[in-house]
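Engineer:
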Amino acid sequence: MTLSFDPDKLPLPVGHFIGDRLVAAEGVIDMHRPSDAKAYGGCPVADENLVDRAVQSAKQTLKVSNWGGVRPRERTVALQRWADLIESEAETLAKLEALSSTRPVGQLVSGDIAVTAEQIRFFAEFADKEGSDLVPTDDSNLGMIMAEPYGVVGAITPWNFPVSMAGWKLGPALAAGNAVVLKPSEMTPFSTIYLAELAIRAGLPAGLINIVLGDGQVTGNAITGHPEIAKISFTGSTAAGSAIMANIARTGVKPMTLELGGKSPQLVFADADLDKAALVISQGILSNAGQACVAGSRLIVEESIAAPLAEAIVARMKMVKAAPTWDETSQYSPIISKRQLDRIHSIVESAVSAGGECLLGGAPMDAPGYFYQPTLIAVRDAFSPAVSEEIFGPVLTLQTFADEEEALTLADHPTYGLAAGLFTRDLSRAIRVTRRLQAGTIWVNRFSRSRDHILPTGGYKQSGIGKDLGREAYLANRKSKSVLISL
Ligand code: NAD
Numbered sequence: 024m025t026l027s028f029d030p031d032k033l034p035l036p037v038g039h040f041i042g043d044r045l046v047a048a049e050g051v052i053d054m055h056r057p058s059d060a061k062a063y064g065g066c067p068v069a070d071e072n073l074v075d076r077a078v079q080s081a082k083q084t085l086k087v088s089n090w091g092g093v094r095p096r097e098r099t100v101a102l103q104r105w106a107d108l109i110e111s112e113a114e115t116l117a118k119l120e121a122l123s124s125t126r127p128v129g130q131l132v133s134g135d136i137a138v139t140a141e142q143i144r145f146f147a148e149f150a151d152k153e154g155s156d157l158v159p160t161d162d163s164n165l166g167m168i169m170a171e172p173y174g175v176v177g178a179i180t181p182w183n184f185p186v187s188m189a190g191w192k193l194g195p196a197l198a199a200g201n202a203v204v205l206k207p208s209e210m211t212p213f214s215t216i217y218l219a220e221l222a223i224r225a226g227l228p229a230g231l232i233n234i235v236l237g238d239g240q241v242t243g244n245a246i247t248g249h250p251e252i253a254k255i256s257f258t259g260s261t262a263a264g265s266a267i268m269a270n271i272a273r274t275g276v277k278p279m280t281l282e283l284g285g286k287s288p289q290l291v292f293a294d295a296d297l298d299k300a301a302l303v304i305s306q307g308i309l310s311n312a313g314q315a316c317v318a319g320s321r322l323i324v325e326e327s328i329a330a331p332l333a334e335a336i337v338a339r340m341k342m343v344k345a346a347p348t349w350d351e352t353s354q355y356s357p358i359i360s361k362r363q364l365d366r367i368h369s370i371v372e373s374a375v376s377a378g379g380e381c382l383l384g385g386a387p388m389d390a391p392g393y394f395y396q397p398t399l400i401a402v403r404d405a406f407s408p409a410v411s412e413e414i415f416g417p418v419l420t421l422q423t424f425a426d427e428e429e430a431l432t433l434a435d436h437p438t439y440g441l442a443a444g445l446f447t448r449d450l451s452r453a454i455r456v457t458r459r460l461q462a463g464t465i466w467v468n469r470f471s472r473s474r475d476h477i478l479p480t481g482g483y484k485q486s487g488i489g490k491d492l493g494r495e496a497y498l499a500n501r502k503s504k505s506v507l508i509s510l
């Protein structure tokens, strides 16, 4: 199978996906391919009426199919068929994703897409295993906590891992018996539309997944403020999460799960395996060119090993080879947009003008698309925006510490608490430091998720509310009713 493709010849599904079909719509938001900066069309914007049409489609489907009330194993089996089809159609999905996003096509089939299929199967298995609970009461009563689906769940996803993020939202919501109205990012809508098409081909009721395209201001607000959407599941920036909370407060009250931004530290103690740490740290910042919520963007190193570790990381970072996302040999992603490329560069420039020493990179690449050089900056000013702001690019800052206490002080971010990594061979220290790090995920001697989908992901502080993945994500898609029966 060759995955490389000609981006000018790939047919794109442009439109909203409502009920059982693509609703053609005119492109409004200009789209540019990150890999070569070429303009290639526009993303439509669904207004309130269109979002309402999607919500009514979802409601009607729930009523006619009784998706929330069928024998739960039927949901499991239908979702498993969808996961199978996602795997067998991985090549098409990968191309649709690679064209508009920053994900190299060669990493998608066995990476993002295979993992998404696996996660859908993981959530499908909860449908007939997680039920209502009987609770202890005295003999004259029977008490239970009855679990029920919400009905229509509204989901909004970012551009950085489009298929994966859609899977994280759709898997648990559908398994728990809900229908979904999902808005992908206006920059990367195509693979998500194809997921919805595949769901119908797999035999899921048409209208269970409805995809509306558009921006946050119009379409996003219409979703979060819709009175018949019972729950919101959002992944994106902390700023957008905050705007969503405000819109929900303005338009009513509803539960929400918010997976937001991060600025994750990687702590390296002098006793660590430095070769392994250098490899993991460079991957932790260069994967998707640092455009990952959990990117390990702040390197915090014990003084005595700072120089050799920096040298080993620079050597690793120099090895990456950039190529367009539609070239299957590409290992290094472009930045999503010109605006974001310029933002990354201005933060790097401000760090350098504040006395930071650029040990590698520090500029856009000399390439047709929006590629930025892998960058390592030794930072002197702890208040530099390079240390405080989520850069969302391949930029790693380096700070040093004298002892464990100082390491923890530097690691603690005032706003974010999504993930943190630490490298040490001292087990006691690993546990002690893990206990004190303020983040929703801690990785010890590694810096990436495994395929253990039971581990939930989510943030401390302003990195979010609630969890994706794990049992928690399934439970968050059900509401509970307390029932007491007098005997
Ligand atoms: P973004 O917040 O700009 O947009 C995310 C999505 O929200 C898009 O679909 C966008 O159209 C929509 N949106 C924006 N404003 C909105 C509003 N007011 N109301 C409703 N919808 C709105 O984020 P992005 O640039 O697409 O993605 C990058 C961000 O996502 C980073 O901050 C990253 O850390 C975060 N992220 C977090 C996780 C996680 O699991 N915590 C995972 C991936 C990405």
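Per this note's numbering, residue 24 is the first one in the sequence shown, and the count goes up by one each step.
A virtual CB, placed ideally from N, CA and C, is assigned to each residue, including glycine.
#1: Taking the alpha carbon of ASP389 as the reference point, which residue from SER58, GLN485, ALA295 has its own alpha carbon closest?
#2: On the DSSP letters alone, give me the boundaries of the alpha helix (DSSP H) that PHE145 sits inside.
#3: Since LEU290 sits in a beta bridge, which residues does DSSP pair it with?
#4: Cutting at 6 Å between CB atoms, please list the residues of its own chain near ILE477, excluding the five before and the five after it.
#5: By alpha-carbon positions, which one of ILE52, ALA48, ASP70, LEU231 ends up nearest to GLN83?
#6: Cα separation between GLY129 and GLY194?
#7: When you compare each of GLU428, ILE400, SER356 to SER376 by their alpha carbons, which one comes out closest?
#8: Can you find a heavy atom of the ligand NAD that lies under 7 Å from the Cβ of TRP182?
#9: With distance defined between alpha-carbon atoms, name the residue in PRO127, TRP90, LEU45, MET169 nearest to SER505.
#10: Nearest to ALA60 by CA position, among TYR393, ARG455, GLY42, GLY134, is which residue?
#11: How about PRO185 and SER124: do their beta carbons lie closer than 8 Å?
#12: Can you say whether LYS490 is buried or exposed, counting buried as having 16 or more other CB atoms within 10 angstroms of its CB?
#13: Is there at least one non-hydrogen atom of the ligand NAD closer than 7 Å to the beta-carbon of SER473?
#14: Going by beta carbon distance, what residues of the same chain come within less than 8 Å of ALA137, once the five residues before and after it are set aside?
#15: Just to confirm, is the Cβ distance from ALA374 to ALA335 under 8 Å?
#16: For ALA425, does the count of other Cβ atoms within 10 angstroms reach 16, so buried, or fall short, so exposed?
#17: How about PRO181 and SER208: do their beta carbons lie closer than 8 Å?
#18: What does HIS517 pair with, by DSSP beta-bridge criteria?
#19: For ALA330, count neighbouring C-beta atoms within 10 Å of its own C-beta (all shown protein chains included) and say buried if the count is 16 or more, exposed if not.
#20: Determine whether the beta carbon atoms of GLU351 and LEU33 lie at a separation below 8 Å.
#21: Looking at the unbroken beta strand (DSSP E) that takes in LYS502, where does it start and where does it end?
#22: Compare the C-alpha of GLY512 against each of VAL276, LYS344, ILE359, GLY416 and name the closest.
#23: Would you call the CB atoms of LEU119 and TYR217 closer than 8 Å?
#24: Is the beta carbon of LYS206 within less than 7 Å of some heavy atom of the ligand NAD?
#25: Does the stretch 289 to 308 come within contact of the stretch 270 to 278, defined as at least 3 CB pairs closer than 8 Å?
#26: Compute every distance between the C-beta of LEU441 and the non-hydrogen atoms of the ligand NAD, then say whether any falls below 7 Å.
#27: Pick helix, strand or coil for PHE394, following the three-state DSSP scheme.
#28: Out of ARG321, LYS341, VAL176, which has the shortest C-alpha to C-alpha gap to SER80?
#29: Under 7 Å Cβ to Cβ from ILE52, same chain only, skipping five residues before and after it: list those, please.
#30: Per DSSP, what are the beta-bridge partners of GLN422 in this structure?
#31: Would you kindly check if the distance between the Cβ of LYS192 and the Cβ of VAL204 is under 8 Å?
#32: Look at HIS249 and ASP70 and say whether their C-beta atoms are less than 8 Å apart.
#33: Alpha carbon to alpha carbon, how far is SER187 from ASP135?
#34: Check whether the Cβ of PHE415 sits closer than 7 Å to any heavy atom of the ligand NAD, and report yes or no.
#35: Sort THR139, ALA121, LEU165, ARG94 by Cα distance to ALA150 and report the nearest one.
#36: Contact criterion: CB-CB distance below 8 Å. Does ALA293 meet it with respect to chain B?
Structural biologist: Short version:
#1: Looking up residue 389 in the sequence shown gives position 366. The residue with the shortest Cα to Cα distance from ASP389 is SER58.
#2: Walking along the sequence shown from the start, residue 145 turns up at place 122. Note, PHE145: alpha helix (DSSP H), 137 to 147.
#3: Within the sequence shown, numbered from 1, the residue matching residue 290 stands at position 267. BP columns for LEU290 point to ILE323, LEU445.
#4: By 1-based counting over the sequence shown, the position of residue 477 is 454. Answer for ILE477: GLY493, listed in chain order.
#5: Stepping through the sequence shown from its first residue, residue 83 is reached at position 60. That would be LEU231, whose Cα lies nearest to the Cα of GLN83.
#6: The residue you call residue 129 lines up with position 106 of the sequence shown. The residue you call residue 194 lines up with position 171 of the sequence shown. If you take the alpha carbons of GLY129 and GLY194, they lie about 24 Å apart.
#7: Against the sequence shown, residue 376 aligns to sequence position 353. The shortest Cα separation from SER376 among GLU428, ILE400, SER356 belongs to ILE400.
#8: Translated into positions along the sequence shown, residue 182 becomes position 159. Result yes, Cβ under 7 Å from the ligand NAD.
#9: As a first step, residue 505 must be located in the sequence shown, where it is residue number 482. When only C-alpha atoms are compared, the closest one is MET169.
#10: Within the sequence shown, residue 60 is the residue found at index 37, counting from 1. Checked all of TYR393, ARG455, GLY42, GLY134; the closest Cα to ALA60 is TYR393.
#11: For the purposes of this step, residue 185 is taken as residue 162 along the sequence shown, with counting starting at 1. For the purposes of this step, residue 124 is taken as residue 101 along the sequence shown, with counting starting at 1. The answer is yes: Cβ separation under 8 Å.
#12: Reading the sequence shown from its first residue, position 467 is the one you call residue 490. Buried: at least 16 other Cβ atoms inside 10 Å.
#13: Position 450 of the sequence shown, counted from the first residue, corresponds to residue 473. Flag unset: Cβ of SER473 not near the ligand NAD.
#14: Here residue 137 is taken as the residue at index 114 of the sequence shown, counted from 1. Taken in chain order, the residues that qualify are GLU110, ALA113.
#15: Residue 374 sits at position 351 when you count from the first residue of the sequence shown. Residue 335 sits at position 312 when you count from the first residue of the sequence shown. In this structure, ALA335 does not lie closer than 8 Å to ALA374 by Cβ.
#16: For the purposes of this step, residue 425 is taken as the residue at position 402 of the sequence shown. Exposed, by the Cβ-count rule.
#17: Translated into positions along the sequence shown, residue 181 becomes position 158. Translated into positions along the sequence shown, residue 208 becomes position 185. Yes, they are a contact pair.
#18: Examination of residue 517 is not possible in this model, given that the chain is present from 24 through 510 alone.
#19: Reading the sequence shown from its first residue, position 307 is the one you call residue 330. By the 10 Å Cβ count, ALA330 comes out exposed.
#20: Taking the sequence shown and counting its residues from 1, one reaches residue 351 at position 328. Taking the sequence shown and counting its residues from 1, one reaches residue 33 at position 10. Against a cut-off of 8 Å, the Cβ pair of LEU33 and GLU351 comes out as no contact.
#21: By 1-based counting over the sequence shown, the position of residue 502 is 479. Where LYS502 is concerned, the enclosing beta strand (DSSP E) stretches over 501 to 509.
#22: Given that the chain is displayed from residue 24 to residue 510, the structure contains no residue 512 and the question cannot be resolved.
#23: On the sequence shown, residue 119 is found 96 positions in, with the first residue counted as 1. On the sequence shown, residue 217 is found 194 positions in, with the first residue counted as 1. Their beta carbons are under 8 Å apart, which means LEU119 touches TYR217 by this criterion.
#24: Sequence index remark: in the sequence shown, residue 206 carries index 183 (1-based). Yes; taking the cut-off as 7 Å, the Cβ of LYS206 has a heavy atom of the ligand NAD nearer than that.
#25: no
#26: As a working mapping, residue 441 is identified with position 418 in the sequence shown. Flag set: Cβ of LEU441 near the ligand NAD.
#27: By 1-based counting over the sequence shown, the position of residue 394 is 371. PHE394: coil per DSSP, three-state reduction.
#28: In the sequence shown, counting from the first residue as 1, residue 80 sits at position 57. Taking only the C-alpha atoms, the option nearest SER80 is VAL176.
#29: Residue mapping note: residue 52 aligns to position 29 of the sequence shown, counting from 1. So the list reads GLY65, CYS66, VAL68, GLU209, ASP238, once near-sequence residues are dropped.
#30: The residue labelled residue 422 in the question sits at position 399 within the sequence shown. ILE323.
#31: If you number the sequence shown from 1, residue 204 lands on position 181. If you number the sequence shown from 1, residue 192 lands on position 169. Contact: no.
#32: Counted from its first residue, the sequence shown places residue 249 at position 226. Counted from its first residue, the sequence shown places residue 70 at position 47. No.
#33: In the sequence shown, residue 187 corresponds to position 164, counting from 1. In the sequence shown, residue 135 corresponds to position 112, counting from 1. Roughly 6 Å between the two C-alpha positions.
#34: Locating residue 415 in the sequence shown gives position 392, counting from the first residue. Yes; taking the cut-off as 7 Å, the Cβ of PHE415 has a heavy atom of the ligand NAD nearer than that.
#35: Here residue 150 is taken as the residue at index 127 of the sequence shown, counted from 1. Of THR139, ALA121, LEU165, ARG94, the residue nearest in Cα terms is ARG94.
#36: The structure shown contains no chain B; it holds only a single protein chain.
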